[in-house]
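Numbering-wise, this note's numbering comes out as the position in the sequence shown, counting from 1, plus 94.
Heads up: the structure comes next, in structure tokens.
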Amino acid sequence: MLKDFASRKFEILFLIFIITSTIVVYLGHFDNPFFFDDKHTISENESIRSLENWSDFFTDADTFSSLPANRAYRPMVTLMNAIDYSIAGGLDSRYYHYHIFFWFIVLIILVYTLSKHLYRISLIDNKYAGVIALFATAWFALHTANAETINYICARSDSFSTLCIVASLLLYIHPFGRKWFLYIITMIIGIWTKQTGVMFFPILGVYILLFEEDSLVTNVKKDTSKNIILIAKKIAPVGIIAISLFIFNQYFLTPSSTNSTNYGVSRFEYFSTQWYVTVHYLANFLLPINLSADPDLAVIKPWYHIKNIFGLLIIISMFTLMIKTSLKKNLRPISFGIAWFFIALLPTAINPLFQIANDHRTFFPYIGLFVAIPYGIFYLLKKYELLKKYKNVVILASVLIFIAHGIGTINRTKVWSSSETLWLDVTQKSPNNGRGLMNYGLTHMAKGNYENALFYFNKALKLLPNYYVLHINLGILYHSINNESKATEHFKKALNLNSSSPDPEYCYAIFLIDKKRYTEAEKYLNLAIQKSPNHIRSKELLTEISGKATNYQEEIKDLENNTKEINSIENHIELSLKYYDAKNYNKAIETCKEILKIDPNNANAYNNLCASYNQLKKWKLGAEACKKALEISPNFQLAKNNLKWATDNIDN
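Here is the structure:
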């Protein structure tokens with residue numbers, strides 16, 4: 095039976111089955127919406143709306159995002175986003191998912207090809223290399239943790255850069271690709287997709303050391319200077335180009351406004367926390383039940399905390415295993431896989447990021463584990479002769495693993511299907527994540543459940559008192575329930591936090607427009623565009639209201655002239671409202687008094703008089719006017735609201 099499994103025909107058919115199964119488990123994800131960084135890199139990014147300026151993507155990192163602080167140099171991501179926008183004819187997330195998934199299928203095939211090659215050159219009896227590679231590939235394709243990357247559109251930077259790294263290694267292995275240095279081209283594309291693509295350089299070095307110039311490992315006592323020189327020659331072109339490109343991209347093409355490093359934490363404490371984060375990642379690899387779209391892991395202090403020490407011991411154990419398995423040719427896929435895992439984790443371990451851990455970051459590192467662990471399992475089964483005795487058990491266990499991961503992937507896809515399901519999951523998995531609480535509150539606010547929304551916003555506020563986005567959302571919520579003073583307070587707080595984002599100015603402008611304060615709104619929209627010239631929503635809104643401030647003043651003048659010509663109560667009421675909206679409260683009061691001379695029992699005039707006095711903080715006069723309005727019209731709800739506004743402040 096195992097011989098049948100080792101046939102070329104079986105390998106091809108099973109690989110097709112893996113791809114088909116992957117399509118089936120991800121079938122529900124194509125309609126999943128934009129999330130997180132998709133907003134500023136896609137939805138609000140004017141640059142991706144035309145392919146005519148595609149060359150700018152490679153020379154101007156401002157095209158990557160509408161948020162100045164998030165402008166990383168990733169031209170390939172911007173290019174792919176622009177291509178998808180063009181094909182879709184707009185912001186249709188399905189086309190982005192189709193494109194990402196296509197490359198995921200390609201990567202599945204490449205993972206199979208790479209793992210089979212590594213197993214074949216390591217095994218003495220290599221007829222089962224293909225079977226082990228199929229197990230590794232199926233595990234990779236269906237693994238639940240990978241759903242965090244595939245469902246998240248902006249994480250295409252992780253999946254596509256990983257594809258480029260795997261492709262680069264395969265091109266190096268292939269004689270034609272090595273002869274013509276094709277692997278350097280794919281490496282450059284990978285670096286242009288995400289800076290972690292530079293890690294192909296050390297991965298290639300480890301591959302050469304373990305599988306080509308292995309005398310450095312097997313015979314350390316021997317004079318190995320020639321081998322070292324030979325390895326250096328092999329990796330020199332890659333190293334020079336990778337490091338040079340990284341430095342050039344980072345220091346010459348990345349804008350100074352970009353803020354990717356968290357200087358608010360100690361670099362060493364961040365690094366030591368990554369020891370425990372590594373355990374978190376390993377746990378999710380073995381049993382992915384704690385996946386979160388936005389984990390709430392924080393820097394662990396002191397550095398010698400038991401969690402960190404435990405993580406360090408695990409890492410030391412893995413390094414020990416990596417070194418021991420490197421000494422035997424038939425165990426080197428294990429050594430290589432472990433090395434890949436740690437090399438891939440290195441960029442996010444040594445540079446303090448604002449998110450201490452993120453479950454979509456593991457897509458690249460996990461490739462190493464998918465290479466190492468299946469091979470290690472096969473080695474143990476062969477060593478203790480368990481494969482022949484328990485082959486049916488092994489097959490059944492493998493099938494159950496794939497089914498479990500398939501179900502897990504389907505469930506994670508459902509979690510990513512809407513904002514409500516995603517952020518509910520985050521609040522459950524990461525209850526100390528203020529951003530998660532805020533975003534779940536937003537789903538309640540969208541449905542008009544303001545009380546629930548405020549509950550989650552206030553919980554988030556305790557964790558993130560200086561988060562400008564939270565203050566914006568509190569401003570929007572209070573405006574929705576007509577608490578204008580609270581709304582203004584939070585909008586002003588968001589503005590005063592001086593973020594590089596255009597959102598505080600943009601959202602405050604919307605608030606001002608709703609109050610018909612067009613001149614002020616124009617001012618804040620211009621400030622938003624000054625911060626971020628690619629912020630499409632600010633530009634569209636500014637165009638929409640352009641001239642309205644002037645027109646509004648003209649409307650007041652026209653109404654004043656009409657009121658003089660036709661001295662009607664209706665004209666006076668409308669004029670008082672116009673004055674009120676223009677914040678000319680004294681003129682509004684004057685007009686209301688003119689109305690009351692004509693009609694002493696006009697409830698609307700008293701109500702408008704009350705509101706105007708309230709705006710001037712003349713609370714007692716406002717209360718008196720509203721009481722008059724309610725004497726005339728006891729069920730006048732606006733007058734009741736304005737009276738409460740006045741009396742609440744009199745009491746204070």
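Beta carbons are placed, not taken as given, at the ideal position from N, Cα and C, and that holds for glycine.
Bear in mind that the values here come from a model prediction, so they are computed numbers and not experimental data.
Item: Three or more C-beta pairs below 8 Å linking the segment 449-465 and the segment 246-253; Value: yes
Item: Cβ neighbour criterion (16 or more within 10 Å) applied to Leu-201; Value: buried
Item: Whole-angstrom distance between Leu-558 and Arg-529, CA atom to CA atom; Value: 8 Å
Item: Residues that DSSP places opposite Asn-139 in a beta bridge; Value: His-629
Item: Stretch-stretch touch, CB-based, cutoff 8 Å, three pairs: the segment 281-296 with the segment 161-172; Value: yes
Item: Whole-angstrom C-beta distance between Trp-434 and Ile-297, which should lie under 8 Å; Value: 6 Å
Item: Distance between beta carbons of Ile-639 and Ala-615, contact taken as under 8 Å; Value: 6 Å
Item: Cβ-Cβ distance between Ile-650 and Lys-617 below 8 Å; Value: no
Item: Environment of Gln-368 [buried if 16+ CB atoms lie within 10 Å]; Value: buried
Item: Same chain only: Cβ atoms within 6 Å of Asp-693, ignoring 5 sequence neighbours per side; Value: Ile-663
Item: Burial state of Ser-144 (16 or more Cβ within 10 Å); Value: exposed
Item: Span of the alpha helix (DSSP H) around Leu-421; Value: Careful: Leu-421 lies outside any alpha helix (DSSP H) and carries neither H nor E.
Item: Asn-175 versus Asp-131 - alpha carbon distance; Value: 12 Å
Item: Proximity to Thr-348 [Cα-Cα], best of Pro-127, Ala-163, Glu-363, Ala-491; Value: Ala-163
Item: Cut-off 6 Å between Cβ atoms - residues of its own chain near His-237, not counting five sequence neighbours on either side; Value: His-499
Item: CA nearest to the CA of Lys-722, picked from Trp-713, Val-465, Cys-704, Thr-280; Value: Cys-704
Item: Straight-line Cα distance separating Glu-599 from Ile-38; Value: Residue 38 is absent from the structure shown; the chain starts at 95 and stops at 746.
Item: Contact under 8 Å by Cβ, Ile-335 with Gly-299; Value: no
Item: The segment 196-213 in contact with the segment 100-114 per 3-pair CB rule at 8 Å; Value: yes
Item: Under the three-state DSSP convention, the category Ser-253 falls into; Value: helix
Item: Local conformation of Thr-290 per DSSP, three classes; Value: helix
Item: Euclidean distance between Cα positions of Lys-477 and Thr-414; Value: 20 Å
Item: Length at least 4, wholly inside the segment 437-500: the alpha helix (DSSP H) runs in chain order; Value: 457-477, 480-483
Item: Three-state secondary structure assigned by DSSP to His-399; Value: coil
Item: C-alpha gap between Gln-522 and Asp-390, whole angstroms; Value: 11 Å
Item: Under the three-state DSSP convention, the category Tyr-206 falls into; Value: helix
Item: When Leu-531, Asn-698, Cys-686, Leu-212 are compared against Phe-305, the one with the closest alpha-carbon; Value: Leu-212
Item: Sequence-distant residues of the same chain with beta carbon closer than 8 Å to Asn-220, five excluded per side; Value: Tyr-213, Arg-214
Item: Own chain residues within Cβ distance below 7 Å of Ala-241, not counting five before or after; Value: Thr-503, Arg-506, Thr-507
Item: Spatial neighbours of Asn-402 in its chain, beta-carbon cut-off 8 Å, leaving aside the 5 residues before and after; Value: Ser-366, Thr-367, Trp-369, Tyr-370, Ile-394
Item: Where Trp-81 falls: helix, strand or coil (DSSP); Value: Absent from the model: residue 81. The displayed extent of the chain is 95 to 746, so no value can be given.
Item: First and last residue of the uninterrupted alpha helix (DSSP H) at Gln-522; Value: 513-523
Item: Which of helix, strand or coil DSSP assigns to Val-509; Value: helix
Item: Beta-carbon gap between Thr-290 and Pro-441 smaller than 8 Å; Value: yes
Item: Tyr-679 versus Ala-581 - alpha carbon distance; Value: 20 Å
Item: Beta-carbon proximity list for Lys-587, same chain, < 7 Å, skipping 5 on both sides; Value: His-565
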